[in-house]
Amino acid sequence: MSRRVPILTKLLGATLLPTVATFAGFGLLAHYIARRSLEEGLGRRLTSVAQAAALAVRSEQVDLLQPGDEESRAYRNVRRKLTELRDATGVQRIYLFDPTATSRGDTETLPIGARYYALDAARSELGLVFAGTAASSVLFTGKDGALYKSGFAPLTPLEGDAGAPRVAAGVDGSAALYEQLAGFRRTLFAASAAGLTFMGALSIVVARFITRPLRRLERAARAIGEGDLTATITATSADEIGYLATTLDTMREQLRARDERLQMMLAGIAHEVRNPLGGMELFAGILRDELAGDMEKLAHVGRIERELGHLKTVVNDFLEYARRARPELTPTDAADLLREVHQVLAADAEREEVGLIVDAPHPARVACDPPQLRRALLNLGRNALQACEAGGQVTLGCSVDGARVRLSVRDTGRGIDPEKRAKIFTPFFTTREKGTGLGLAFVAEIARDHGGTIAVDSAPGQGALFTLHLPRLES
Ligand SMILES: Nc1ncnc2c1ncn2[C@@H]1O[C@H](COP(=O)(O)OP(=O)(O)OP(=O)(O)O)[C@@H](O)[C@H]1O
Ligand SMILES: [Mg+2]
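Just so you know, our numbering puts 33 at position 31 of the sequence shown, and the rest follows in order with no gaps.
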């Protein structure tokens, strides 16, 4: 059977999975949009600082600077302006460079003529800048491992200089936006967690609301399966579950009516067959008295009496099997019960010259209907005795086997061949001339009604072992 997944789990899955997916999808989208807009904002800010730097320094001032001029007044002047702008705007670094990415001024200590290798990654943006447009780079990781972005703007070319800009300003700004994003992520996460918890709680309430009547129906159906046809099943809603409840109740009512008819029929048989049988026995007895001395006719009467006796047994067994009541369970020591069975069978065993012993050294408590369980053990014991020849041996055993009590009947008789073994528990299967074939069917039903199992182990000529397992009662 496939693994049972409760409807409650399925419902929770059906509601929570889309919710999780939606929250995750919206969360990622919101995060992406926030990141994009923060990044663009930073780009714009850095570009405008670069434009301010490009305006603060005149192109001709920078043009004249040569490597080694770091200590010159002109350079210090340029650097002062850039540093002031840097401090006023809170960016990390401002620098000037030419189209070969060579430094022409820097708020840091890079000498004139040194290369900005980091700018190699921004080649396409620099193309735009030296064509006259301001631009910003993508985010990049700086030497300190933090995220940075750069803004670039060209310095205005000299008046009358028709060529493209020869110097541009670059501004590096730390992407502290990342911290803002982390804050945003935390808020997003907290909101999603709160939303999911709420949805989860709501789903559980709704799922329970839906599955409660189903569980009630499951219990009702199980009760019907166990033979309790008395409890009415009422529909509590006007939906499919309500319809199912009504259908189940109709079925229960029909089964109860059928059961009633069957019981009436059985009562009819009990009356219509048993009474004439009694009469026939009586008249056979009278005939026996009247034929006293006529041995040949008396033999015929004896035959009639034996057949009548068998018929009575069959009718009684049949009625007992068909009208068996539901077991009334009481705590009982199965070992005691087995000793009672031993006492009942002892005379039969002695007559058949079969050894009969009980092996039940310890108490073993079970919840059982004592007359029914005694009946089952008697059937097993009788079968075992019937299977044995004189000199055979039957052992009635009782032991505790974990959470179960193991009752066994072992014999040294003729055994059962595999093909018969499959049929012996079906009603009316018998190999005995005077058997009804109801003994083991009875045992199987009693085992089932007690929440237990019956099993047989046998090989032809090797005897048989019947094992009845019942749930153990903790004492
Ligand atoms: N211990 C056993 N050894 C060998 N065969 C057995 C044993 N127990 C049962 N059987 C076989 O199973 C058949 C069915 O047994 P079951 O007790 O149901 O009916 P029965 O003994 O034939 O008749 P009755 O209804 O009188 O008990 C028997 O006829 C016999 O063939
Ligand atoms: Mg039997």
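In this text, a Cβ means the ideal position worked out from N, Cα and C, and glycines have one as well. Quantities reported herein were computed from a predicted structural model and do not represent experimental measurements.
Approximately 5 angstroms separates the beta-carbon atoms of residue 235 and residue 222; this is inside 8 angstroms, confirming the contact.
Per the coordinates, the alpha-carbon of residue 124 lies some 17 angstroms from the alpha-carbon of residue 116. For ligand 2, the residues with a Cβ under 7 angstroms from any of its heavy atoms are, in chain order, 381, 384, 385, 388, 437, 441 and 442. Between residue 340 and residue 400, the CB-CB gap stays under 8 angstroms. The alpha-carbon of residue 346 is positioned some 16 angstroms away from that of residue 362. Between ligand 1 and residue 314, a heavy atom-to-CB distance of less than 7 angstroms is absent. For residue 425, no alpha helix (DSSP H) run applies, since DSSP gives it neither H nor E. Annotated as proximal: residue 279 and residue 317, with beta-carbon spacing under 8 angstroms. Contact check between the stretch 81-90 and the stretch 213-228: fewer than three CB pairs, one atom from each, fall below 8 angstroms, which does not count as touching. Taking a cut-off of 8 angstroms for Cβ pairs, the stretch 394-412 and the stretch 465-477 touch, as three or more such pairs fall below it.
If you check the C-beta of residue 432 against ligand 1, you find a heavy atom less than 7 angstroms away. Around residue 109, the same chain offers 84, 85, 88, 95 and 96 as residues with beta carbons nearer than 6 angstroms, after the five sequence neighbours per side are excluded.
Under the rule that a run must span 3 or more residues, the beta strand (DSSP E) segments found entirely inside the stretch 352-420 read 357-361, 367-370, 395-403 and 406-413. Using a Cβ-Cβ distance cut-off of 8 angstroms, the stretch 46-54 and the stretch 4-16 are not in contact, since fewer than three pairs of beta carbons, one from each stretch, lie closer than that value.
Inclusion of residue 98 and residue 107 in the CB contact set at 8 angstroms is warranted, their separation being smaller than that value.
Taking the Cα positions, residue 261 is about 21 angstroms away from residue 276. Assigned with DSSP and collapsed to three states, residue 31 falls in helix. With a cut-off of 8 angstroms on Cβ pairs, the stretch 54-61 is in contact with the stretch 152-161, counting three or more such pairs. Of all C-beta pairs linking the stretch 410-427 to the stretch 447-467, three or more are shorter than 8 angstroms, placing the two stretches in contact. Using a 10 angstroms sphere on the CB of residue 126, the tally of other CB atoms stays under 16, which defines it as exposed.
Residue 387 has its alpha-carbon roughly 7 angstroms from the corresponding atom of residue 351. In chain order, 438 and 440 place their CB closer than 7 angstroms to the CB of residue 319, counting only its own chain and leaving out the 5 sequence neighbours on each side. Distance from the CA atom of residue 7 to the CA atom of residue 44, rounded to whole angstroms, is 52 angstroms. Bridge partners of residue 176 according to DSSP: 150. Going by DSSP, residue 278 is part of the alpha helix (DSSP H) stretching over 242-292.
Residue 117 carries a strand assignment under DSSP once its states are collapsed to helix, strand and coil.
The stretch 60-71 and the stretch 130-146 do not touch, with fewer than 3 CB-CB distances between them shorter than 8 angstroms. In the three-state reduction of the DSSP assignment, residue 452 falls in the coil class. Taking non-hydrogen atoms of ligand 1 into account, the C-beta of residue 393 is found less than 7 angstroms away from none of them. Residue environment analysis places residue 444 among the buried positions, since at least 16 neighbouring C-beta atoms fall within 10 angstroms of its C-beta. Contact check for residue 219 against residue 243 passes: the beta carbons are separated by less than 8 angstroms.
Between ligand 1 and residue 422, a heavy atom-to-CB distance of less than 7 angstroms is present. Between the alpha carbons of residue 36 and residue 202 lies a gap of roughly 27 angstroms.
Look at residue 205 here: in three-state DSSP terms it is helix. Straight-line spacing of the CA atoms in residue 75 and residue 114 works out to 14 angstroms.
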